[in-house]
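Visitor:
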Amino acid sequence: MGFFSPAPYHILSYGTLLGTTVFHTFLSAPLASHTLPRPHFSALMARLFPLYFTLQTALPAVLALTYPASKNPFGSPAGLAGVLNRANRWTVLAPLAGAFLCAVGNLAVVGPRTTRVMEERRGQEQKDGKNAYDKPPHSVEMAALNRRFSMLHGISSLLNLGSLVAAVAYGVTLSTRLT
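First residue of the sequence shown? That's 9 in this note's numbering, and the numbers climb one at a time after it.
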């Protein structure tokens, strides 16, 4: 039963989702940004974010597929049918869908656009002979790129926070099933 049951994979997937999100958001990224020179930090994040956002996208899907059935014979079924069960609409489906959609937004839209703007800024730095993060004044082009980067970075941070809040909300629901 244990090895073939979806329950252990569900718990491990949830722990991985919450753990990686908390670790990256509050420890690794802030520490790297304060430790590494900015070009190295940017290069690291450009390589790390696609993997991180892929994991954040895949794990809510794994959670939906491995959702364990209720021990009550009249309770919700296992897997996607249980997630879609009307009784689980707000406590299971909403947090898992929220985490998934926030991560997909970062993986497919915001992350690639942010990376593109970073590359454009590097090109503009070559033209201007000045780093994007140096004190103003900047060229008109660099000022526009800096605004776009700041906006995209803010949206990405909000989506990441949305994934974190959704994961914690689902964790509250999951914890009630452990009793």
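Yeah, the Cβ is synthetic: ideal placement off N, Cα and C, and Gly gets one too. Bear in mind the structure is a predicted one, so any value in this text is a computation, not a measurement.
Once you ignore the five residues that flank CYS110 on each side, which residues in its own chain have a CB closer than 6 Å to its CB?
Guide: LEU167, GLY170, SER171
Visitor: Identify whether TYR75 lies in helix, strand or coil by the three-state DSSP scheme.
Guide: coil
Visitor: Going by other Cβ atoms of all chains shown within 10 Å of its Cβ, with 16 needed for buried, is LEU115 buried or exposed?
Guide: buried
Visitor: DSSP three-state label for ARG185, please.
Guide: coil
Visitor: Short of 7 Å in beta carbon distance, which residues of its chain neighbour GLU128, apart from the five on each side in sequence? Order them along the chain.
Guide: LEU153
Visitor: Which residue's Cα is closest to the Cα of PHE108: TYR22, ALA51, LEU44?
Guide: TYR22
Visitor: Counting only the same chain and skipping the five closest in sequence on each side, list residues whose C-beta sits under 7 Å from that of ALA95.
Guide: SER84
Visitor: Ordered along the chain, which non-local residues of its own chain (more than five positions away) have a Cβ less than 7 Å from that of GLY179?
Guide: TYR22, LEU26
Visitor: In this structure, how does DSSP classify PRO68 when only helix, strand and coil are distinguished?
Guide: Look at PRO68 here: in three-state DSSP terms it is helix.
Visitor: From the DSSP output, in three-state form, read off PRO58 for me.
Guide: helix
Visitor: Determine the direct distance from the alpha carbon of LEU104 to that of THR122, and round the result to whole angstroms.
Guide: 25 Å
Visitor: For my contact list, MET150 and ALA54 are in at a C-beta cut-off of 8 Å; report their separation, rounded to the angstrom.
Guide: Not a contact, Cβ separation roughly 19 Å.
Visitor: So, helix, strand or coil for LEU20, using DSSP?
Guide: helix
Visitor: If you check the beta carbons only, do PRO76 and PRO145 fall under 7 Å apart?
Guide: no
Visitor: Using the Cβ count rule (16 or more neighbours within 10 Å means buried), how would you classify HIS32?
Guide: buried
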